[in-house]
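Residue numbers (the numbering used here): 3 to 284.
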């Protein structure tokens with residue numbers, strides 16, 4: 003995906019992300035073992051070794067050593083080790099709560115390739131592992147500080163690789179009504195959203211909502227809905243779901259209609275995009 007935000011927008015958003023750690027747990031999973039995570043608060047999962055498949059709702063993400071997954075709303079999650087794995091999980095919360103902002107964020111922010119691409123932070127992950135394992139004085143305080151740093155770096159990595167837009171989340175923090183509309187889009191991207199329907203969610207007139215949305219998010223409601231749908235479509239294609247099923251679940255009247263929208267977004271047909279995305283890297 004193409005990066006949406008400029009450096010200043012990402013920087014402003016990261017200023018809102020100051021986290022405190024409520025509790026941490028470490029899990030050793032043998033290949034094929036599954037762990038179910040049922041927390042309804044913000045969760046963080048860090049793969050310290052091995053490979054883990056994370057499944058939350060319709061989303062399935064493969065995580066390797068050094069990868070990080072942030073789940074802003076928590077929710078029932080299944081973690082399955084594809085190979086022997088060690089996992090650090092944490093319940094976290096924002097120091098200054100922004101419930102509308104976290105609701106407007108995607109259910110899963112997966113920083114895949116983070117540890118490999120950011121070797122400096124990879125060493126911090128090893129330090130987090132040691133602090134979580136050892137009962138040293140002040141280990142909880144040290145771990146909380148490390149977690150705060152690592153989350154900010156992982157979210158920055160996620161945004162810099164075009165996986166989402168911080169501008170929309172800043173809008174949600176600044177304007178709760180627009181934030182409610184953004185949250186509704188992310189919670190149900192396949193709904194038949196119209197400006198009028200989103201305006202009702204935002205408790206505003208259609209004209210007022212359209213203006214507020216463009217000013218705070220930097221895009222029209224229709225284009226933002228399409229962007230969220232295309233991001234979801236890419237995840238579903240990567241997970242092997244059939245094109246016809248994706249079209250139906252994302253609110254398109256036909257497979258052809260979805261394919262045209264996807265081609266405008268990516269420049270290629272969905273099936274061709276899938277083949278390229280799944281092609282092994284030499």
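For every residue, glycine included, the Cβ atom is placed at its ideal position computed from N, Cα and C.
Everything numeric in this text was worked out from a predicted model, so none of it was measured.
Residue i classed as buried or exposed, judged by whether at least 16 other C-beta atoms fall within 10 angstroms
i           : result
residue 94  : buried
residue 42  : exposed
residue 280 : exposed
residue 91  : buried
residue 139 : exposed
residue 191 : buried
residue 158 : buried
residue 189 : exposed
residue 2   : The requested residue 2 is not part of the displayed model; the chain covers only 3 to 284.
Cα-Cα separation, residue i to residue j
i           : j           : result
residue 196 : residue 132 : 50 Å
residue 30  : residue 47  : 13 Å
residue 9   : residue 18  : 15 Å
residue 121 : residue 115 : 10 Å
residue 28  : residue 175 : 32 Å
residue 182 : residue 211 : 12 Å
residue 52  : residue 200 : 42 Å
residue 119 : residue 261 : 32 Å
residue 146 : residue 83  : 26 Å
residue 40  : residue 75  : 11 Å
Secondary structure of residue i, DSSP reduced to three states
i           : result
residue 276 : helix
residue 286 : The structure shown does not extend to residue 286, since the chain spans only 3 to 284, so no value can be given for it.
residue 252 : coil
residue 80  : strand
residue 131 : helix
residue 35  : coil
residue 186 : helix
residue 44  : coil
residue 91  : strand
residue 284 : At residue 284 the pLDDT is 40, less than 50, meaning the model places this residue with poor confidence; the figure from the coordinates comes in the next sentence. The answer is coil: DSSP assigns residue 284 none of H, G, I, E or B.
Member of the options whose CA lies at the smallest distance from the CA of residue i
i           : options            : result
residue 307 : 194, 226, 161, 146 : Here the chain has residues from 3 to 284 only, and residue 307 is not among them.
residue 241 : 39, 101, 56        : 56
residue 2   : 24, 112, 68, 187   : The requested residue 2 does not occur in the structure, where the chain is confined to residues 3 to 284.
residue 99  : 147, 151, 178      : 178
residue 63  : 272, 172, 109, 252 : 109
residue 49  : 248, 154, 72, 59   : 72
residue 273 : 244, 251, 266      : 244
Cβ neighbours of residue i in the same chain (closer than 7 Å, five flanking residues each side left out)
i           : result
residue 284 : Below a pLDDT of 50, predicted positions are generally treated as unreliable, and residue 284, at 40, falls in that range; the measurement from the model is reported next regardless. Excluding residues within five positions, none has a Cβ falling inside 7 Å.
residue 134 : 26, 28, 90, 145
6 Å Cβ shell around residue i - same chain, five flanking residues per side excluded
i           : result
residue 203 : 182, 183, 186
residue 246 : 257
beta-carbon residue i near the ligand FAD non-hydrogen atom, thresh 7 Å
i           : result
residue 167 : What this structure holds is no ligand at all, so the ligand FAD is not there to describe.
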